[in-house]
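S.K.: 67 is the number that full-length UniProt numbering gives to position 67 of the sequence shown; each next residue is one higher, with no gaps.
Quick one: the structure is below, questions incoming.
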Amino acid sequence: MAIQKILVVDDSPTERYFLTDILIKRGFSVSTAENGEEALLKIKADKPQLILMDVVMPGQNGFQVTRSIARDPETQDVPIIICTSKGQETDRIWGLRQGARDYIVKPVDPAELLSKIAALG
Numbered sequence: 001m002a003i004q005k006i007l008v009v010d011d012s013p014t015e016r017y018f019l020t021d022i023l024i025k026r027g028f029s030v031s032t033a034e035n036g037e038e039a040l041l042k043i044k045a046d047k048p049q050l051i052l053m054d055v056v057m058p059g060q061n062g063f064q065v066t067r068s069i070a071r072d073p074e075t076q077d078v079p080i081i082i083c084t085s086k087g088q089e090t091d092r093i094w095g096l097r098q099g100a101r102d103y104i105v106k107p108v109d110p111a112e113l114l115s116k117i118a119a120l121g
């Protein structure tokens, strides 16, 4: 099944706008959340088909939220791509261990993002 509904989770309004703009221009339906707590509420209310997750956010960080989503039987089937400025290999490995399907380092390259989404769909 092709991915249509994507939730973008990032505390930066600029990043949310940038990612939303890329995705809407490609025909995706996009919703956004400013932090992990808001993301968890939105996922329960209207389950997305993909989540783009920042790591460094107030409250729960993206690794913690990813782990919560991946361990919840109701949401564990939703793939997560971590989009973060944390570019160390240890961060990437840790993100994947928390349940993320993929990992992109900011600044996000639109072509890389779209190819990773296509690979999941």
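The beta-carbon is built from N, C-alpha and C at its ideal position, and this holds for glycine as well.
Tell me which residues share the same chain as L120 and place their Cβ nearer than 8 Å to its Cβ, disregarding the 5 neighbours each side in the sequence.
M.R.: If we look at L120 and ignore the five residues flanking it on each side, its Cβ neighbours are I3, L50, P79, I81, R101 and D102.
S.K.: Taking the C-alpha atoms as reference points, what is the distance between I117 and R26?
M.R.: Each residue's alpha carbon lies about 11 Å from the other.
S.K.: Just to check my reading of the structure: A70 and Q88 have Cβ atoms closer than 8 Å, yes? What is that Cβ distance to the nearest angstrom?
M.R.: Actually they are not in contact, since the Cβ atoms of A70 and Q88 sit about 21 Å apart, beyond 8 Å.
S.K.: One question on the structure: do K106 and C83 come within less than 9 Å of each other, judged by their Cβ atoms?
M.R.: Their beta carbons are under 9 Å apart, which means K106 touches C83 by this criterion.
S.K.: With a floor of 4 residues, list each alpha helix (DSSP H) that falls wholly inside the stretch 46 to 78, ordered by position along the chain.
M.R.: Counting only runs of 4 or more, we get 62 to 71.
S.K.: For D91, report the span of its alpha helix (DSSP H) as first-last.
M.R.: Residues E89 to R97.
S.K.: Can you tell me the Cα-Cα spacing of K86 and R92, whole angstroms?
M.R.: If you take the alpha carbons of K86 and R92, they lie about 8 Å apart.
S.K.: Just to confirm my understanding: we take L96, look at its own chain, exclude 5 residues before and 5 after, and list those with CB closer than 7 Å. What are they?
M.R.: Taken in chain order, the residues that qualify are Y103.
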